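Position in the sequence shown (first residue = 1) + 9 = my numbering. C-beta atoms are modelled at their ideal positions from N, C-alpha and C, and glycine is treated no differently. Predicted model only: the values in this text are computed from it and were never measured. What follows is a single structure, written as structure tokens, with notes after it.
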Amino acid sequence: MPLSQKPNSFDKPNISNSFVDQNGNFYPDNWRKTYGSPPSNGKRDAYSLMKIAADKGITDELTGFEVKKLREFKERVKTKKRVFVFVHGFNANNEEVNESYGYIQKLIKVNAKDDEIVRFYWDGLWTSNPFAGANLVYRDFL
Numbered sequence: 010m011p012l013s014q015k016p017n018s019f020d021k022p023n024i025s026n027s028f029v030d031q032n033g034n035f036y037p038d039n040w041r042k043t044y045g046s047p048p049s050n051g052k053r054d055a056y057s058l059m060k061i062a063a064d065k066g067i068t069d070e071l072t073g074f075e076v077k078k079l080r081e082f083k084e085r086v087k088t089k090k091r092v093f094v095f096v097h098g099f100n101a102n103n104e105e106v107n108e109s110y111g112y113i114q115k116l117i118k119v120n121a122k123d124d125e126i127v128r129f130y131w132d133g134l135w136t137s138n139p140f141a142g143a144n145l146v147y148r149d150f151l
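Structure follows, in structure tokens:
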């Protein structure tokens, strides 16, 4: 889960940060105030921004935020020559992932003007059992 209350952000010169919940919904600005904190039990359907929005009658607000952020992203990358998407979401915390993202970014020799880096954080499963996610992935893609 994101630490920031404005997790979907653009960092200069060329980094886009995107955080989505387990179901792929973008965390909106000030998400914790409206949606509360996710439980730390790691269960698949334990936390859903869309379910909480539906229960509160604010689905239009959540989907409107998503549409707005995707339009901003489209505008930001339309002149870029290359867009690299780094995806996180299984068995690593933000600190570990950011270290890996930085390493990969150096290896591909990113040009700050012509390239965009998308740091995509998919709120995923955290477990000590390396096979626990296999059933989740298998079930989702059938």
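Alpha carbon of residue 39 to alpha carbon of residue 14, nearest angstrom | 5 Å
Determine the direct distance from the alpha carbon of residue 131 to that of residue 67, and round the result to whole angstroms.
-> 22 Å
Compare the beta carbon distance of residue 129 and residue 86 with 8 Å and say whether it is the shorter of the two.
-> no
In whole angstroms, what is the alpha-carbon distance linking residue 122 and residue 81?
-> 17 Å
Can you tell me whether DSSP reads residue 64 as helix, strand or coil?
-> helix
May I ask you to report which of helix, strand or coil DSSP gives residue 24?
-> strand
Taking the continuous alpha helix (DSSP H) assigned at residue 113, which residues delimit it?
-> 103-116
Exposed or buried, which one is residue 96 when buried takes at least 16 other CB atoms within 10 Å?
-> exposed
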